[in-house]
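Have a look at the structure below, then the notes.
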Amino acid sequence: MTREEAIEKIEGSCKIIALEMMKITPAARQLGDEETSADVVKAAYQLTIELEVIKKKLIKLKGRDDSALL
Numbered sequence: 020m021t022r023e024e025a026i027e028k029i030e031g032s033c034k035i036i037a038l039e040m041m042k043i044t045p046a047a048r049q050l051g052d053e054e055t056s057a058d059v060v061k062a063a064y065q066l067t068i069e070l071e072v073i074k075k076k077l078i079k080l081k082g083r084d085d086s087a088l089l
């Protein structure tokens with residue numbers, strides 16, 4: 020697998036995860052337990068932050084690759 024293929028695979032996975040993450044908060048609010056709902060929403064938010072870190076790292080890596088061509 021090349022670097023570009025790896026980046027594409029990770030980006031695709033991040034997109035799928037992000038789409039699935041959008042389903043968690045509405046479902047968590049229906050749990051009927053305020054403390055558990057709050058914890059689930061908080062954890063989902065933290066996962067979203069980590070997902071953004073991955074995406075930003077890939078953007079930086081792609082930028083370095085592009086600058087090497089100049």
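For the sequence shown, my numbering begins at 20 and goes up steadily by one.
By construction, the Cβ of each residue, glycine as well, lies at the ideal position given by its N, Cα and C atoms.
Are residue i and residue j close, meaning C-beta to C-beta below 8 angstroms?
i     : j     : result
Ala46 : Val60 : no
Leu80 : Met40 : no
Glu30 : Leu77 : yes
Taking DSSP as the reference, what is the three-state secondary structure of residue i?
i     : result
Thr67 : helix
Met40 : helix
Asp58 : helix
Arg48 : coil
For residue i, tell me which candidate among the options has the shortest Cα-Cα distance.
i     : options                    : result
Ile68 : Ile43, Gly51, Ala37, Gln49 : Ala37
Asp58 : Leu70, Ile43, Val72        : Ile43
Glu71 : Lys34, Glu53, Glu27        : Lys34
Ser32 : Arg83, Gly82, Ile73        : Ile73
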